[in-house]
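Read the structure below first, then the notes.
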Amino acid sequence: MIDEFEFLEKIRKTTKVERKIESEVFEKNVLSILIHLIENKYISSINFPISKGKEAYVFRAEKGKRLLEKFSKKSGSKSKFAAIKIYMIETSRFKHMQNYIKGDPRFRKIPHTKKEIVYEWTKKEFRNLRLCHEAGISVPEPYYFKNNVLVMDFIGDDYGNPAPQLKKVGPPDPKKNFKQLIRDMKKMYGIGLVHGDLSEYNILVNGDSLVIIDVGQTVSKEHPMAEEFLERDVNNLIRYFSEFGIKANKEDIIKEIKSAKRR
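Each residue of the sequence shown is one higher than the one before, starting from 608 at the first, in this note's numbering.
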């Protein structure tokens, strides 16, 4: 059995998380979950932060035997790495999260405390990732979640270098990439979902294709603000890709997305 104190000391050295927020990222509940993941061979080690923000840290981890056998063979993923997303409870945007959960018919019971909201948000992101992945949408494959911890496939190269944000490197093939994103939005609409916060900041460049991330805020198209969210997502993509010579009409794009047949 892994000793909690020794485990914390070890990940302090490997992850190099700032001391001032260490207790928030690796609080007791999270440590217990991470130890469970290692003991049950989901992962073999935790490496370094891939991304960090006010609401969540994402770490690269090495897959354990269980992930390699159960998921990688099934999906065809050759990656030896996984990504672990840890939502921080105290610094989460409580009201922001609540607005995306309220009105979503999939969530009848609305949590009220910060901890409950963050736990529900993590569950929501896992569920959205699974639905999108099964529909052939380019998102990370989800593996596991508990409380405020989410484990999913690592997006990056074979050497473990994380895929960069679209905002930082630009689209490798603007015309092709724009069409791919519209196709993915259409597929998403076909399974009854709207991303809700799609922009160059939550899209990764993986080789010559793009991967959509951060689907915690993704809502059912029955959500009272789904239309507004969809229009905003389309506007964001048109605005960004116009910098690379892509011209598109908002109404035509929305019409194309909404023509998706319900799956």
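The beta-carbon is built from N, C-alpha and C at its ideal position, and this holds for glycine as well.
- Item | Three-state class that DSSP yields for A742 in the structure shown | DSSP places A742 in coil when its eight states are reduced to three.
- Message: I'd like the span of the beta strand (DSSP E) that includes S849, first residue to last.
- Response: The continuous stretches of beta strand (DSSP E) do not include S849, which lies in the alpha helix (DSSP H) extending over residues 833–849.
- Message: With DSSP as the reference, identify every bridge partner of S816, one or two as the case may be.
- Response: Per DSSP, N813.
- Message: Given this structure, state the Cα-to-Cα distance separating N755 from T720, to the nearest angstrom.
- Response: Looking at the two C-alpha atoms, the distance is approximately 14 Å.
- Query: Which residues share a DSSP beta bridge with K782?
  - Reply: In DSSP, K782 forms no bridge with anything.
- Task: Examine the ligand NAD and report whether any of its heavy atoms sits within less than 6 Å of the Cβ of F761.
- Result: Of the ligands one can find in the structure shown there are none, so the ligand NAD has no counterpart to examine.
- Message: Give me, in chain order, the residues of the same chain whose beta-carbon lies closer than 7 Å to that of F614; leave out the 5 immediate sequence neighbours on both sides.
- Response: The residues L638, I642, in chain order, have a CB closer than 7 Å to that of F614 in the same chain once the five nearest residues on each side in sequence are set aside.
- Which full runs of the beta strand (DSSP E) of 3+ residues lie inside the region 628–707, going along the chain? Residue ranges of uninterrupted beta strand (DSSP E) with 3 or more members, entirely inside the region 628–707 and ordered along the chain, are 650–659, 663–670, 688–694.
- Consult DSSP for K828 and reduce its assignment to one of helix, strand or coil. In the three-state DSSP reduction, K828 falls in the coil class, being neither helix nor strand.
- Endpoints, beta strand (DSSP E) assigned at L757: Counting along the chain, the unbroken beta strand (DSSP E) around L757 starts and ends at 756–760.
- Query: Is V822 closer than 7 Å to N735 when the C-beta atoms are compared?
  - Reply: A Cβ-Cβ contact shorter than 7 Å links N735 with V822.
- Reducing DSSP to helix, strand and coil, say where F752 ends up. Secondary structure of F752 (DSSP, three-state): strand.
- Message: Distance check for N654 and A690, CA to CA, integer angstroms please.
- Response: Taking the straight line from one Cα to the other gives about 10 Å.
- Please report how far the alpha carbon of E838 lies from the alpha carbon of I864, in whole angstroms. E838 and I864: Cα-Cα distance of roughly 11 Å.
- Are the Cβ atoms of P771 and V812 separated by less than 7 Å? Yes, the pair counts as a contact, with Cβ atoms nearer than the cut-off.
- The alpha helix (DSSP H) with I864 in it runs from where to where? Here the alpha helix (DSSP H) through I864 covers 857–865.
- For F688 versus R667, is the C-beta distance shorter than 7 Å? In contact: F688 and R667 (Cβ atoms closer than 7 Å).
- Identify which residue in D610, E858, F851, K731 has its Cα closest to the Cα of N842. It is E858.
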